[in-house]
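Data block below; observations after.
Chains as they are written, first to last, in the working numbering: chain Y, 1 to 383; chain B, 384 to 766.
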């Protein structure tokens with residue numbers, strides 16, 4: 001790589017003890033650049049590296065290992081490899097788990113393994129397998145992180161994963177929240193004490209992670225489910241993205257760029273949404289009546305404690321901001337947004353029309369929105 | 384269609400003189416529903432119907448004709464058919480023009496025809512053929528509308544066109560402005576006195592327009608350029624959308640729904656953008672210095688008269704809103720946004736960093752942004 005040595009020399013002069021950058025592979029160098037851009041911890045702290053055994057997460061782990069051994073990451077950074085067997089592939093899943101544990105051992109890191117019953121969760125939560133697997137995985141990573149006192153979980157999602165996510169969101173007809181794809185850094189869950197970071201998301205191509213693993217003498221595992229075209233994501237990966245690339249060789253990068261712009265838009269709209277929710281709940285007439293009708297909003301325990309919203313304030317709001325506000329309000333009241341579609345939000349907006357109260361919009365999962373006395377009330381019915 | 388007669392009877396009772404809805408074909412009935420939803424003029428006024436001779440615009444014209452003959456549209460509504468020969472297809476283009484004129488004559492409407500040199504415009508404006516054709520077409524429609532005193536121009540864009548537009552925007556890596564696709568109603572151009580309306584955009588599939596034309600005994604023209612796979616749009620139509628439909632049979636509808644959500648988001652962000660621009664230009668310290676340095680902003684005539692923007696106000700703004708504001712400001716100062724990419728906006732944002740003024744960001748087309756005395760100034764250089 002031209003200029004790498006010169007940069008390495010400068011690096012040595014400027015950073016004293018650190019090894020020159022030239023000692024890193026080009027892949028690890030890119031990871032390090034992104035690491036700094038995302039302001040991930042480099043001097044102290046515990047990191048969880050999620051590893052499936054596939055090329056992407058292996059490449060991430062190997063690059064983190066390079067960064068530690070080349071002292072880009074200081075010795076105070078402690079890595080734990082985390083692997084979840086989703087319990088979907090029997091012996092093959094168990095073999096992957098052993099393989100990841102062995103790789104971690106050879107590299108000198110602790111490996112935390114877990115086993116889940118994704119199929120059971122899918123039935124229980126009425127999710128598809130992919131959603132259920134994701135839910136189990138992130139819960140597992142949260143448990144591992146908290147048990148080890150780690151503040152950051154790293155996953156190996158790549159630019160290709162981002163492009164697939166965008167296409168899948170488009171196929172569902174999602175708005176900016178879905179089309180914005182994954183964030184390079186976000187909180188892992190609502191507890192907010194663990195960050196989820198994806199240092200490959202902004203730049204790494206899947207072909208690059210596989211090539212880098214081979215360069216490092218590692219042959220990653222192949223997950224047969226990644227080849228199974230009954231999964232939409234696999235067909236997007238194998239059929240749709242290659243076709244998009246015939247139309248624009250940099251289509252994957254273009255999709256990721258679009259997603260980034262939409263994430264920025266979403267963040268701006270979230271600010272407006274927070275203002276609107278505060279204003280709609282702050283309706284001055286509300287306080288007087290609130291105590292008297294508290295039973296209206298606390299019928300089913302904690303999940304149900306959201307303030308009613310002023311019809312007038314909602315009516316005067318911009319439609320995109322109002323829809324976001326309604327979704328956030330439902331999420332706060334109901335605990336989640338599963339199966340809430342645009343049609344439900346439109347039905348709630350219908351309640352805002354005209355002067356007549358007493359009307360009801362039903363939501364999936366025994367939840368309803370009632371318009372009464374100039375406000376919308378969210379009620380979760382007793383199971 | 385079940386229930387159509389009952390609806391027709393109700394229609395007769397409610398609307399007095401009007402014919403029952405049952406007299407309309409299902410296609411025209413959908414057009415009429417959308418007509419009412421978009422609040423297009425139904426009792427009086429001149430309408431321009433843009434007609435290429437292809438199935439979509441023919442279907443629109445035939446449906447409008449049905450609406451007039453069934454008196455959904457009152458006799459006070461006067462239709463003018465407008466056809467532009469783009470000058471790209473020689474004798475075939477001239478034949479299309481004659482065919483459209485003959486169809487208009489048979490239906491009993493005036494036909495306004497024009498001929499453009501799209502290739503010349505493309506060279507002049509350094510646009511591609513599709514952009515140049517669109518520019519010529521909308522200018523022509525504006526001239527026809529104004530010459531006839533028409534307030535509305537109708538085009539036959541369908542749900543398929545919308546889906547293609549969204550995919551093409553995604554391939555360019557566009558944000559919400561591009562991914563939002565076409566609006567069902569907007570002003571035709573910046574003069575704001577003519578509306579452009581697309582009564583097929585929200586629901587009609589291309590297969591449906593062709594079938595409807597045939598039902599009405601019309602065999603629409605086929606534009607060979609619509610089959611030419613050297614155009615990206617044609618490949619999106621013929622290769623990509625069919626593949627998306629194997630993943631979701633209602634993919635075209637999903638793409639259009641996503642676009643609608645993003646248009647709503649854009650409208651919300653546009654409100655915030657307008658507030659930010661007003662605030663950034665209203666900087667209190669600015670008025671004092673403005674007169675003294677007027678030469679800074681009026682170097683190249685009318686195109687250059689935009690107020691400088693406060694660095695401090697821009698710095699404090701949300702990033703998505705700020706980027707929109709900068710783009711709008713450039714458009715106001717420079718007259719257009721051609722060839723202005725995200726990288727240029729990022730370069731302008733760089734100027735906002737730190738305390739140092741005197742720095743410059745270059746834009747394509749002899750335009751530059753200078754940071755000086757706590758403001759950004761837009762300068763269009765003399766040609």
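Even for Gly, the Cβ is constructed at its ideal location relative to N, Cα and C. Fair warning: this is a prediction, and the values are worked out from it, not measured in the lab.
- Using a Cβ distance threshold of 9 angstroms, residue 50(Y) and residue 82(Y) count as a contacting pair.
- Cβ-Cβ distances below 6 angstroms link residue 761(B) to 689, 716 and 752 in the same chain, with the five nearest sequence neighbours on each side left out; the list follows chain order.
- As far as DSSP is concerned, residue 203(Y) takes part in no beta bridge.
- The C-beta of residue 599(B) comes no closer than 9 angstroms to any C-beta of chain Y.
- Residue burial is scored here from C-beta neighbours: residue 545(B) has at least 16 other C-beta atoms within 10 angstroms and is therefore classed as buried.
- Taking all protein chains in view, the Cβ of residue 360(Y) is surrounded by fewer than 16 other Cβ atoms within 10 Å, so the residue is classified as exposed.
- Chain order gives the chain Y residues near residue 655(B) as 268 and 272, where near means a beta carbon separation below 8 angstroms.
- Counting only residues of its own chain and dropping the five nearest sequence neighbours on each side, residue 137(Y) has a CB closer than 8 angstroms to the CB of 50, 84, 86 and 116.
- Scanning chain B for C-beta atoms nearer than 9 angstroms to the C-beta of residue 36(Y) yields nothing, as the closest lies near 17 angstroms away.
- Contact annotation for residue 240(Y) against chain B: 623, 626, 627 and 630 [CB-CB distance below 9 angstroms, chain order].
- Take residue 477(B), set aside five residues on each side of it, and the residues of its chain with a beta-carbon closer than 7 angstroms to its own are 468, in chain order.
- Boundaries of the beta strand (DSSP E) harbouring residue 428(B): 427-433, taken from the DSSP string.
- For residue 459(B), the enclosing beta strand (DSSP E) starts and ends at 459-468.
- DSSP assignment within the region 609-634 of chain B yields no whole beta strand (DSSP E) run of 3 residues or more.
- For residue 158(Y), no alpha helix (DSSP H) encloses it, and the DSSP letter there is neither H nor E.
- Excluding the 5 residues flanking it on each side, residue 124(Y) has no same chain C-beta neighbour closer than 7 angstroms.
- Residue 253(Y) belongs to the set of residues whose beta carbon lies under 9 angstroms from a beta carbon in chain B.
- Closer than 9 angstroms at the C-beta level to chain Y, one finds these residues of the region 547-559 of chain B: 549, 550, 551, 552, 553, 554, 555, 556, 557, 558 and 559.
- From the beta-carbon of residue 562(B), the residues of chain Y found nearer than 8 angstroms are 179, 258 and 262.
- Annotation: Cβ neighbours of residue 618(B) in chain Y (cutoff 7 angstroms, chain order): 247.
- Relative to residue 750(B), the option among 737(B), 720(B), 408(B) and 734(B) whose CA is nearest is 720(B).
- Nearest to residue 196(Y) by alpha-carbon distance, out of 153(Y), 169(Y), 181(Y) and 218(Y), is 153(Y).
- Residues of the region 309-340 of chain Y with a Cβ closer than 8 angstroms to any Cβ of chain B, in chain order: 318, 319, 320, 321 and 323.
- Using a CB distance cut-off of 9 angstroms, residue 648(B) counts as an interface residue toward chain Y.
- At a beta-carbon threshold of 7 angstroms, the residues of chain B lying near residue 232(Y) are 630, ordered along the chain.
- Using a CB distance cut-off of 9 angstroms, residue 342(Y) counts as an interface residue toward chain B.
- Listed as beta-bridge partners of residue 579(B) by DSSP are 536(B) and 569(B).
- DSSP, reduced to helix, strand and coil, places residue 602(B) outside both helices and strands of the structure shown, so it counts as coil.
- Residue 460(B) sits close to residue 427(B), with the two beta carbons spaced by under 9 angstroms.
- Looking at the DSSP output, residue 743(B) shares a beta bridge with 753(B).
- For residue 255(Y), the CB contacts under 6 angstroms within the same chain, skipping 5 residues up- and downstream, are 163 and 166 in chain order.
- Residue 699(B) is not bridged by DSSP to any residue.
- As DSSP reads the structure, residue 114(Y) sits in a beta bridge with 84(Y).
- The DSSP-derived three-state label of residue 693(B) is strand.
- DSSP, reduced to helix, strand and coil, places residue 421(B) outside both helices and strands of the structure shown, so it counts as coil.
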